[in-house]
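Residue numbers (my numbering): 229 to 373.
Note that beta-carbon positions come from the ideal geometry of N, C-alpha and C, so glycine has one too.
Notes follow once the structure below has been shown.
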């Protein structure tokens with residue numbers, strides 16, 4: 229399970245156009261760094277009744293055995309959540325994380341437990357793992373058939 233909260237319902241995927249837009253933006257902004265490490269970004273997002281989950285993975289498109297870096301964001305949702313602003317600000321937090329990641333060749337600050345943070349007035353939770361999200365989702369789909 230990828231979500232931070234215990235969920236009893238299936239997630240609703242974010243629109244493909246939006247995740248593609250974010251993915252394209254990240255690959256454009258970090259193009260030279262991605263070329264240097266021969267990796268590319270993948271973006272996944274879904275919502276539950278009470279949680280927004282957004283995952284950005286830096287993966288090798290040539291070899292799925294090369295360990296990815298996956299940055300998870302989980303945000304509690306309620307009726308007062310301004311979805312558009314929240315999404316824009318959380319995308320900015322992804323950029324802040326990858327700025328730090330690419331600034332250090334020896335970066336290895338993985339965080340398997342969810343930690344609380346605040347960015348641009350939004351409280352959210354994050355974790356950083358080596359999970360291959362694409363493979364995880366394929367396995368989930370097989371199990372749910």
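7 Å Cβ cutoff met for residue 357 and residue 321
The residue labelled residue 357 in the question sits at position 129 within the chain shown. The residue labelled residue 321 in the question sits at position 93 within the chain shown. In this structure, residue 357 sits away from residue 321, with a CB-CB distance that is not shorter than 7 Å.
Considering only the beta carbon of each residue, do residue 332 and residue 281 sit closer than 7 Å?
Along the chain shown, read from residue 1 onward, the residue named residue 332 stands at position 104. Along the chain shown, read from residue 1 onward, the residue named residue 281 stands at position 53. Cβ atoms of residue 332 and residue 281: not closer than 7 Å.
Indicate the three-state DSSP secondary structure (helix, strand or coil) for residue 261 in the structure shown.
Here the question's residue 261 lines up with position 33 in the chain shown. Helix at residue 261.
What is the rounded straight-line gap between the Cα of residue 241 and the Cα of residue 319?
Counting from 1 along the chain shown, the entry for residue 241 is found at position 13. Counting from 1 along the chain shown, the entry for residue 319 is found at position 91. Approximately 17 Å, taken between the alpha carbons.
Residue 338 classed as buried or exposed, judged by whether at least 16 other C-beta atoms fall within 10 angstroms
Sequence index remark: in the chain shown, residue 338 carries index 110 (1-based). Exposed, since its Cβ has fewer than 16 Cβ neighbours within 10 Å.
Starting from residue 303 and walking both ways along the alpha helix (DSSP H), at which residues does that stretch end?
Stepping through the chain shown from its first residue, residue 303 is reached at position 75. Membership of residue 303 in any alpha helix (DSSP H) is not indicated; the residue belongs instead to the beta strand (DSSP E) covering 297–304.
Under 6 Å Cβ to Cβ from residue 294, same chain only, skipping five residues before and after it: list those, please.
Looking up residue 294 in the chain shown gives position 66. Shown here for residue 294: same chain residues with a beta carbon closer than 6 Å to its own, the five before and five after excluded, namely 288 in chain order.
My parser needs the beta strand (DSSP E) runs of 3 or more residues fully inside the segment 275–344; what are they?
Segments of the beta strand (DSSP E) lying fully in the segment 275–344: 279–287, 297–304.
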